[in-house]
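S.K.:
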Amino acid sequence: MVTFIAGYHYMRIINSFTESSTDMTVNISGAQGSFNEAYRYVDWLLTVPLLLVEVIAVLALAKSVSRSLIMRLVPASAAMIALGYPGEISSNQGTQVLYGVLSTIPFLYILYVLFVELGKSLDNQPEGVAATIGRLRLLLVATWGVYPISYILGMGEGMASAQQFVGVQVGYTIADILAKCVFGLTIFKIARMKSAAEGMKDDH
């Protein structure tokens with residue numbers, strides 16, 4: 169589901185890039201016919217909460233624990249994305265900084281939930297799962313850390329330069345590949361480890 173949503177929106181991003189390109193330049197002025205950054209943010213608004221839900225779902229925690237974690241992670245991730253968008257499309261540096269800081273608040277809360285609250289529920293997981301979750305959380309910090317770096321690259325008064333625009337788009341794309349593909353494969357690995365552990369229990 170995550171890769172399907174991401175694939176669709178990347179096709180829309182490519183189309184928007186093509187439609188806004190004339191004479192080897194890209195119109196990023198925000199006017200009609202310009203490159204539309206909204207496609208990327210809609211993709212994130214859908215896929216980031218889904219990835220976090222997958223992390224919780226694959227662990228098969230107690231229903232009350234899973235519900236509590238999901239009810240905190242999903243709204244926080246949606247707020248993180250929604251608060252970043254106004255800064256992304258603004259050409260005013262003060263606005264960019266303001267919404268960048270506001271978007272960071274739910275991001276830090278997500279890290280707290282994953283590292284502290286989720287950590288309390290890992291003791292009963294099969295051997296190796298807790299360690300893999302630990303690596304998954306570090307992967308999340310590493311990949312999601314690319315997003316604010318790319319965001320900062322695009323900051324400044326007036327419209328972004330060509331170099332800034334390319335830097336931001338390349339940074340976001342690399343982060344997306346790591347955050348979605350590698351993250352998803354790690355979740356799949358955890359699911360296999362859980363299934364193998366449950367199979368061993370059934371054999372005994």
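Heads up: the sequence shown begins at 169 in the working numbering, then just goes up one per residue.
Yeah, the Cβ is synthetic: ideal placement off N, Cα and C, and Gly gets one too.
Since the model is a prediction, treat every value here as computed from it, not as a measurement.
#1: Measuring straight from C-alpha to C-alpha, what distance separates ILE358 and LEU306?
#2: Once you ignore the five residues that flank LEU218 on each side, which residues in its own chain have a CB closer than 8 angstroms to its CB?
#3: Indicate whether the contact test is met: 3 or more Cβ pairs, each with one atom in the segment 258-278 and one in the segment 312-319, closer than 8 angstroms.
#4: Considering just the uninterrupted stretch of the alpha helix (DSSP H) at PRO243, what are its terminal residues?
#5: Could you spell out where the alpha helix (DSSP H) holding MET415 opens and where it closes?
#6: Taking the Cβ atom as the reference point for each residue, do TYR253 and TYR209 lie within a distance shorter than 7 angstroms?
#7: Which residue's Cα is closest to the Cα of ASP291: LEU227, VAL242, ASP211?
#8: ILE355 to GLU222, Cα distance in whole Å?
#9: Just reading off the alpha helix (DSSP H) that LEU266 is part of, what are its end residues?
#10: Touch check for the segment 339-347 and the segment 281-288: three-plus C-beta pairs under 8 angstroms?
#11: Find the nearest neighbour of ILE249 within the set SER258, TYR267, SER259, judged by alpha-carbon distance.
#12: Smallest Cα separation from GLN332: which of ALA206, SER318, PHE351, SER245?
#13: Taking only the alpha-carbon atoms, compute the straight-line gap between SER234 and LEU308 and give it to the nearest angstrom.
#14: Return the first residue and the last residue of the alpha helix (DSSP H) that ILE301 is part of.
#15: If VAL281 and ARG240 are in contact, beta carbons under 8 angstroms, what's the gap, nearest whole angstrom?
#16: So, is GLN261 buried or exposed, given that buried needs 16 or more other C-beta atoms within 10 angstroms?
M.R.: By the coordinates alone:
#1: By one-based count along the sequence shown, residue 358 stands at place 190. By one-based count along the sequence shown, residue 306 stands at place 138. In a straight line, the C-alpha of ILE358 is about 15 angstroms away from that of LEU306.
#2: Counting from one through the sequence shown, the residue named residue 218 turns up at place 50. Within the same chain, LEU218 has close Cβ partners MET169, VAL170, ILE173.
#3: The answer is yes - the segment 312-319 touches the segment 258-278, with three or more Cβ pairs under 8 angstroms.
#4: Numbered from 1 along the sequence shown, position 75 holds the residue referred to as residue 243. Segment 231-257, the alpha helix (DSSP H) holding PRO243.
#5: There is simply no residue 415 to check, as the chain begins at 169 and stops at 372 in what is shown.
#6: Here residue 253 refers to the residue found at position 85 when the sequence shown is read from its first residue. Here residue 209 refers to the residue found at position 41 when the sequence shown is read from its first residue. A Cβ-Cβ contact shorter than 7 angstroms links TYR253 with TYR209.
#7: Translated into the one-based positions of the sequence shown, residue 291 becomes position 123. It is LEU227 whose Cα lies nearest to the Cα of ASP291.
#8: For the purposes of this step, residue 355 is identified with residue 187 of the sequence shown, where counting begins at 1. For the purposes of this step, residue 222 is identified with residue 54 of the sequence shown, where counting begins at 1. Going by the C-alpha atoms only, they are around 7 angstroms apart.
#9: On the sequence shown, residue 266 is found 98 positions in, with the first residue counted as 1. Where LEU266 is concerned, the enclosing alpha helix (DSSP H) stretches over 261-280.
#10: Touching, no.
#11: In the sequence shown, the residue the question calls residue 249 occupies position 81. Proximity to ILE249 across SER258, TYR267, SER259 peaks at TYR267, based on C-alpha coordinates.
#12: Counting from 1 along the sequence shown, the entry for residue 332 is found at position 164. The shortest Cα separation from GLN332 among ALA206, SER318, PHE351, SER245 belongs to SER318.
#13: To locate residue 234, count along the sequence shown from 1; it is residue 66. To locate residue 308, count along the sequence shown from 1; it is residue 140. LEU308 has its alpha-carbon roughly 19 angstroms from the corresponding atom of SER234.
#14: In the sequence shown, residue 301 corresponds to position 133, counting from 1. Run containing ILE301: 297-312, per the alpha helix (DSSP H) assignment.
#15: Residue 281 sits at position 113 when you count from the first residue of the sequence shown. Residue 240 sits at position 72 when you count from the first residue of the sequence shown. That pair is a contact at about 5 angstroms.
#16: Here residue 261 corresponds to residue number 93 of the sequence shown, with the count starting at 1. Exposed: under 16 other Cβ atoms inside 10 Å.
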